[in-house]
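Beneath this line is the structure, given in structure tokens, with notes to follow.
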Ligand SMILES: Cc1cc2nc3c(=O)[nH]c(=O)nc-3n(C[C@H](O)[C@H](O)[C@H](O)COP(=O)(O)OP(=O)(O)OC[C@H]3O[C@@H](n4cnc5c(N)ncnc54)[C@H](O)[C@@H]3O)c2cc1C
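Numbering (the numbering used here), first residue to last: 19 to 408.
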């Protein structure tokens with residue numbers, strides 16, 4: 019049996035960051051991953067350019083049963099620390115929008131950065147090595163893959179979430195947590211497109227490809243000002259992905275298609291303009307055609323509506339309701355909500371309170387960020403803090 023100081027399960031964002039940091043402290047570190055390539059999710063992230071962090075990272079951008087949990091790690095290893103690392107490796111990047119930082123060239127730059135950091139720290143990475151079983155061995159652990167048995171003092175679980183099963187996502191980390199008596203909160207797909215109810219699908223299908231800026235609002239009052247995109251399958255775009263993490267089956271989502279006050283004001287400015295023409299000045303024409311039918315509106319000059327009628331139309335379009343049929347699920351979701359309950363873990367080190375020397379980092383735990391680089395920042399921050407102590 020091969021003996022290591024630290025074994026990290028998962029050569030993704032969190033696992034590699036943790037491994038490099040532990041290696042720098044002189045720990046003998048082995049990273050095991052069942053994939054054929056290192057950092058597969060990083061490579062496909064951000065449309066191949068990896069949105070690796072965000073200028074505006076703050077605890078409020080994370081969903082977690084205990085919202086305070088993320089504060090310590092995010093404060094100890096910040097977006098500025100990761101940006102400094104990106105600078106150190108000479109990687110060119112740019113801000114796309116809303117503080118989101120992307121590589122100019124390719125997500126491969128970020129994988130190369132992590133591999134170089136691991137190499138320099140003497141970390142060993144073994145691919146095509148699926149961890150099948152873990153047992154307690156004294157103060158440490160025994161780890162089994164198909165062909166090998168390993169032992170380690172510290173075990174770090176960085177197996178990620180359930181999204182994108184095609185590229186190696188597995189529930190292994192959750193099962194391992196349960197095996198050691200740790201609570202795992204129910205999981206569901208997040209940052210994911212919505213599917214529609216049959217009636218809505220019929221009327222809205224014609225809008226596939228239409229995109230517009232909106233404010234999306236969930237029933238708990240969370241709001242995101244981003245783009246809404248109609249697709250053949252339902253609705254998507256950043257506004258939908260963001261709000262999907264706050265949505266529960268059966269709930270409605272409201273979209274502000276028009277700012278409140280605009281239509282009522284328009285009567286004074288353009289009394290003779292038809293409703294349809296006025297709407298088409300502010301919204302994509304294809305959407306206006308569908309809205310008139312769906313909302314049963316007859317188009318006539320604005321002055322012919324009563325104030326009450328216009329206010330009602332405006333109210334409807336300022337909070338346009340949609341009750342999704344569901345989500346596209348893990349197949350297309352960017353993240354998994356829920357996971358290892360953070361109450362089981364130390365917020366300073368990510369160590370399991372009940373199981374000394376067992377650590378959980380990254381997406382496998384119940385921490386999910388907004389769209390826009392927040393999830394990688396959580397992987398870097400949680401991986402870094404664990405790397406200081408494992
Ligand atoms: C299409 C897509 C685009 C994304 N774009 C962005 C973006 O631009 N910005 C952003 O911040 N976030 C993005 N995300 C989210 C981000 O990729 C994840 O939050 C992040 O990768 C989580 O890192 P992790 O290290 O916890 O897990 P992962 O990166 O998922 O790594 C887990 C690793 O564990 C391995 N593994 C699992 N089980 C076992 C086992 N039993 N034995 C051995 N190995 C195992 C897997 O093969 C995998 O390599 C995106 C996600 C997707 C799906």
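Yeah, the Cβ is synthetic: ideal placement off N, Cα and C, and Gly gets one too.
Here the structure is a predicted model, which is why all the values come from computation and not from measurement.
- Counting only the Cα atoms, residue 400 lies some 24 Å from residue 259.
- Non-local C-beta neighbours of residue 221 in its own chain, meaning closer than 8 Å and more than five positions away in sequence, comprise 308, 311 and 312, ordered along the chain.
- The alpha helix (DSSP H) runs lying completely inside the segment 80-140 and spanning 4 residues or more are 89-94, 97-106 and 126-138, given in chain order.
- Distance from residue 141 to residue 38 at the Cβ level is roughly 6 Å; contact confirmed, criterion being Cβ atoms closer than 8 Å.
- For residue 265, there is no enclosing alpha helix (DSSP H), since its DSSP letter is neither H nor E.
- By the Cβ test, the segment 37-52 is not in contact with the segment 354-368, since fewer than three Cβ pairs between them sit closer than 8 Å.
- In this chain, the alpha helix (DSSP H) harbouring residue 284 covers 280-287.
- Rounded to the nearest angstrom, the gap between the Cα atoms of residue 181 and residue 61 is 15 Å.
- In this structure, residue 22 lies near residue 46, with their beta-carbon atoms less than 8 Å apart.
- With at least 16 other beta carbons inside 10 angstroms of its own, residue 274 counts as buried.
- By the C-beta criterion, the segment 168-188 is judged not to be in contact with the segment 68-82, since fewer than 3 inter-stretch pairs fall below 8 Å.
- Under DSSP, residue 163 shares a beta bridge with 149.
- Remark: the C-beta of residue 79 is outside contact range of ligand 1, defined as less than 7 Å to any heavy atom.
- Around the beta carbon of residue 155, fewer than 16 other beta carbons lie within 10 angstroms, which makes this residue exposed.
- Nearest to residue 41 by C-alpha distance, out of 138, 243 and 121, is 138.
- Residue side-chain check: residue 59 places its Cβ nearer than 7 Å to a non-hydrogen atom of ligand 1.
- Residue 110 sits close to residue 123, with the two beta carbons spaced by under 8 Å.
- Residue 396 and residue 372 have their alpha carbons spaced roughly 23 Å apart.
- If you ignore the 5 residues before and after residue 97, its C-beta comes within less than 7 Å of the C-beta of 71, 72, 73, 75 and 395, all in its own chain and listed in chain order.
- Taking 7 Å as the cut-off, one finds at least one heavy atom of ligand 1 near enough to the beta carbon of residue 68.
- Residue burial annotation: residue 151 is exposed, with fewer than 16 other C-beta atoms found within 10 angstroms of its C-beta.
- For residue 393, the enclosing alpha helix (DSSP H) stretches over residues 392-405.
- Under DSSP, residue 168 forms a beta bridge with 20 and 161.
- In the structure shown, residue 299 adopts helical secondary structure according to DSSP, grouped into three states.
- At least one heavy atom of ligand 1 falls within 7 Å of the beta-carbon of residue 397.
- The beta carbons of residue 306 and residue 294 sit about 6 Å from each other, so the pair counts as a contact at 8 Å.
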